[in-house]
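These notes are about the structure you will find just below.
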Amino acid sequence: MTNHWIDLKNSDSIFIIGCNPAENHPISFKWIEEAMDRGGKLIVVDPRYTRSASKADIYAQVRPGTDIAFLGGMINYALQHDLIHKEYVREYTNATFIVGEKYDFKDGMFCSFDDQEKVYDLKTWAYETGPDGKPLRDLTMQNPRCVYQQLKNHYKRYDIEMVCSITGTKMEDYLKVVKNFCATGRPDKAGTILYAMGITQSTHGTQNVRAVAMLQMLLGNIGIAGGGVNALRGESNVQGSSDYGLLFHLLPGYLKSPEFDNADLKAYVEKWTPKSSDSKSANWLGNTPKYITSMLKAWYGDNATAANDFCYDYLPKRMGSYAYDKIMTKMGKGELEGLVCMGMNPAVGGPDSGSARTALGKLKWLVTVDLWETETSIFWKRPGVNPKDIQTEVFMLPAASSVEKEGSISNSGRWAQWRYKAVEPVGQSMSDLWIIDQFFKRVRNLYTKEKGAFPDPITKLSWNYGNGHEPDVHLVAKEINGSFTKDMTIVDKDKTLEFKAGDPVPMFKYLQADGSTSCGCWIYSGSYTKDGNQMARRDESDPTGLGLFPKWSWCWPVNRRIIYNRASVNPAGEPFNPKRAVIAWDGLEKKWKGDIPDGPWPPMKDDKEGKYPFIMLPEGHARLYALDMKDGPFPEHYEPVESPARNLMSGVQNSPGVKIPKNVSSDLAKFPFIGTTYRMTEHWQTGGMTRSLPWLTELVPDMFVEISESLAKKKGIKKGDKVRVTTERGSIEAMALVTSRLRPFNVEGKQIEQIGMPWHFGYAGLATGDSANLLTPSVGCANTSIPEFKAFLCNLEKGGNKA
Amino acid sequence: MGMSRRQFLQGGAIAAAGVALSGKPAEANADAPVTRIKGLKASTTICPFCAVGCGLLVHTKNGKVVNIEGDPKHPINQGSLCSKGSALYQIAVNERRLQKIMYRAPGSDKFEEKNWDWAMDRIALRMKETRDKSFKVKELNKKDNKEYVVNRTDGMAFFGGAGLDNEECYLWSKFARAMGVGQLEHQARL
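From first to last, the protein sequence lines are chains A and W. When we follow our numbering, the leftmost residue of the first sequence carries the number 1, and every step to the right adds one. When we follow our numbering, the leftmost residue of the second sequence carries the number 1001, and every step to the right adds one.
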């Protein structure tokens, strides 16, 4: 989230698309309702009439996987009716930038696509630059090659008739949504967009997110109170786990993991440090050398020196993708020996989970660390297999629960909140911290005693977390925050600051690229300072009245509660909306008041020191036109890989960059219905944490599929009947839930039914049931590989084995 | 006579309705929340389910969790909880929780109980064997037909982290990369 949960109360229009917070983030509705009590309107766009929809002022139905058409139409409407926030768009987005002559778009394809490799040549989409290297701009936005005109041209095809024929939305509903939300383009109005997996789980998921962000840029809704681009994260610490780089392409703090041709630290820094020749651009990631060097110092301590490239050689270098789907394919081919699952359950949680279960049996060894038996830890005795045929050695380790250990987690609004240990772990279970510590120490012992492949990255790793039974979590938190490795004098404007070796770094501004600082994760620098553990703070004061609660816990970066907040003021530093000022420049005191600003510099208008607000991009301006997406600078509508419709927008059916697996089918004779998966209040994720809790299993004891009244009538199905759902990947049986909440979609004049199903069930735990992911396709987003769980084709018949 | 949870809830609803009508709290009895937690130690925690980050209070007695409820001082949830958050007590106190280290030998049809030392030593051995066998110092790039130093272990994958604490995620990340594991992924990809 650019903003945070309590900030929802500041919104005039809350636009929910691709999430269902009343169901999946129930307490967030406290703040949505607070906004509604103050006159704010709630819009819900969803294939189903959800719990959130039942509270909405405006509901519009959309066919799964057609979000770009829906949002593209809104972009078009805002542009055609001149509802955009002009000053914001001109000053803070790249609308004024001139695109190079090579850029082109024709019949669904952007220019320079390599048909064999299935990739675009991104260089041809570059800005046109002047002799000083700066992108050329036209502040009148009249140049036909400026982003504003290109944008207008691209989305003029997304007129309301075209959009509604793709999305199946009723035109009157669509117009209500568009008119209400686009009215937040005024400087004194705030609109927020909330989304989750309904937007991301798509073969064009990243472009769905971009379409959300672009609409918010045009309406001037990013950086302001009650605005923002807000991804509602589904797991208690999936924000933190992403922040700490538990993805193949990342290191902590969203630094990139090195690629094979980043041969040394210099080459790494050269590749991943963005450059800008514009003095008004803060280009914050220009600090990358400081962050990677400080991380290497945290990892390799005194062993990391300038002479040995700070042990950069010890980091593994990637070649190609090791995204989840790629790993599972390799596992299925028997190319992996071992797998460790820390609270993850691939036998239920991933796409095409039947193949995943087979793949687990190709492993030599498997370690699961969880609070419960999960489908993954007992995959070798799952229904329908003979354990004797499975040669995988399985270690099932018991983990402590969240009330049996101490540490922090980061919520969706980036608040890192400290938790305390209330009791000892049950039985012999242990904290994950202890378990990881033991993995490391025992492997290190082996490499110290015996020969082995390149032992140095392990034997030289700095690992000093006290002498207790388990690592001292406070020492880990301090290493993450960072410290000085030698005595330092730093001149910061008119102040001279003295630091001793070992002192905590106050914030990431003080990190250095020469080894004089260490910091495990730069974005968390400032979380544990000389003033103590900032994440444990519980001060209930709210001086702005906006609900920022600046002294409650701590939020990254540098306790900034609303990011990009320099875009909430005009170039002179005056709030666009003085009634909900996030920050404001005090000209007399020469400083910002309110939230922590996105950098200390004076307002953008200041000739000498002013900076553009979007400090994480080298051009300093939010990108209506993107330079680094694999599938195009503008989001373009393509159909999901399995779809009942042809692409009405162009002759290109699916996103061109997506590699389509064999086991998908759009044969409507075999699979006439749209299937979609989702979550519910009473269960969570793969069910490990809920299906063994008597209170919750009593509330929702069975796997079910939701079908419309019209389909039920056609198939002769009553509520509670057993039904079988089948796709090209597999087949499940479940109880039918006949409901008016589901309605068929209008697809080119035909009524196409939808089947909705939760994905929480499996064969382990107290309440069991078939897993919806046996049905879902393993095909992912062109940019991120996130699977297309939300839109696939299936069949449904009455009866099952148990019927 | 035993009472089902459903009957209990119905009773609770009637009692709550009584309070609403009279406007006065019902008289405290042995089961009333106030009496149940009086004088007990309470610590704060954050809900382990979704990422709203609601605060809860955990009451303990003689080293056991006896009650968990919403933290009224927490600015996000102000004491309220959803059905999952309200059920956190049943994670802390649940006979289905794993309490032992279990091992399943190749081809076996059952788990056997082991101790931490045995299991951890054997896992470390497996990790080392796989790392030694699959460690790639160099890899050929097919596009330019050149070899590059990659120092990577391709024989194993590490999954998970969205349910771990930040400090655990950090050590997991640090350990994985020190092992040379490139195949580090978690729930955020799904």
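Glycine included, C-beta positions come from ideal geometry on N, C-alpha and C.
At least one beta carbon of chain A lies nearer than 8 Å to the beta carbon of glycine 1160 of chain W. In the assembly as shown, tryptophan 522 of chain A is a buried residue. Its beta-carbon has 16 or more other beta-carbons within 10 Å. Assigned with DSSP and collapsed to three states, phenylalanine 440 of chain A falls in helix.
Between the stretch 741–757 of chain A and the stretch 691–708 of chain A there are three or more inter-stretch CB-CB distances shorter than 8 Å, so the stretches are counted as touching.
Per DSSP, tyrosine 103 of chain A lies in no alpha helix (DSSP H) and is assigned neither H nor E.
Note on geometry: alpha-carbon atoms of methionine 295 of chain A and aspartate 352 of chain A lie some 37 Å from one another. One finds nothing in chain A with a Cβ atom closer than 7 Å to the Cβ of lysine 1038 of chain W; even the nearest lies about 17 Å away. DSSP, read as helix, strand or coil, puts aspartate 606 of chain A in coil. Along the stretch 307–323 of chain A, the positions whose C-beta sits under 8 Å from a C-beta of chain W are Asp313, Tyr314, Leu315, Pro316, Lys317, Arg318, Met319, Tyr322 and Ala323, read in chain order.
Put simply, the CB of proline 744 of chain A is far from chain W, with every gap to its CB atoms at 8 Å or more.
Around the beta-carbon of aspartate 12 of chain A, 16 or more other beta-carbon atoms lie within 10 Å, marking it buried. A Cβ-Cβ distance of about 5 Å is found for the pair aspartate 487 of chain A and lysine 500 of chain A, placing them in contact under the 8 Å criterion. Checking the DSSP bridge columns, you'll see alanine 734 of chain A partnered with A:Val723.
When only Cα atoms are considered, leucine 711 of chain A and glycine 756 of chain A end up about 12 Å apart. About 43 Å separates the beta carbons of glutamate 117 of chain A and proline 571 of chain A, which is beyond the 8 Å limit, so they are not a contact pair. Counting along the chain, glycine 1070 of chain W sits inside the beta strand (DSSP E) bounded by residues 1064–1070. Counting only Cβ-Cβ distances below 8 Å, tyrosine 244 of chain A has contacts in chain W at Gly1161, Asn1166, Cys1169, Tyr1170, Trp1172 and Ser1173, in chain order. Per DSSP, the unbroken alpha helix (DSSP H) holding cysteine 164 of chain A starts and ends at 160–167.
Burial state of aspartate 302 of chain A is exposed, judged by a 10 Å Cβ sphere holding fewer than 16 other Cβ atoms. Assignment of glutamine 150 of chain A by DSSP, reduced to helix, strand and coil, places it in the helix class. The beta carbons of asparagine 3 of chain A and glycine 227 of chain A sit closer together than 8 Å. Residue contact with chain A for glutamate 1112 of chain W: absent (no Cβ-Cβ distance below 8 Å to any residue of chain A).
DSSP, reduced to helix, strand and coil, places proline 457 of chain A within a helical segment of the structure shown. Contact of leucine 42 of chain A with chain W is not assigned, every C-beta pair being separated by 8 Å or more. At a cut-off of 8 Å between beta carbons, asparagine 1141 of chain W contacts chain A.
Look at leucine 711 of chain A here: in three-state DSSP terms it is helix. Residues are counted here when their Cβ sits less than 7 Å from a Cβ of chain W; for the stretch 327–352 of chain A these are Ile327, Leu336, Glu337, Gly338, Leu339, Val340, Cys341, Met342, Gly343, Met344, Pro346, Gly349 and Gly350, given in chain order.
Cβ neighbours of phenylalanine 1175 of chain W within its own chain (closer than 6 Å, five residues either side excluded): none. Residue environment: asparagine 283 of chain A is assigned as buried (16 or more neighbouring CB atoms within 10 Å of its CB, all protein chains considered). Taking the Cα positions, alanine 323 of chain A is about 10 Å away from glycine 780 of chain A.
For isoleucine 17 of chain A against glycine 245 of chain A, the beta-carbon gap comes to about 29 Å, at or over 8 Å, which does not count as contact. Any Cβ of chain A closer than 8 Å to the Cβ of glutamate 1069 of chain W would place that residue at the interface, and such an atom is absent. A Cβ-Cβ distance of about 20 Å is found for the pair lysine 41 of chain A and aspartate 67 of chain A, leaving them out of contact under the 8 Å criterion.
When secondary structure is reduced to three states using DSSP, histidine 1186 of chain W falls in the coil class, being assigned neither helix nor strand.
With a threshold of 8 Å between beta carbons, histidine 25 of chain A makes contact with chain W. When the Cα atoms are used, methionine 162 of chain A and valine 652 of chain A turn out to be separated by approximately 16 Å.
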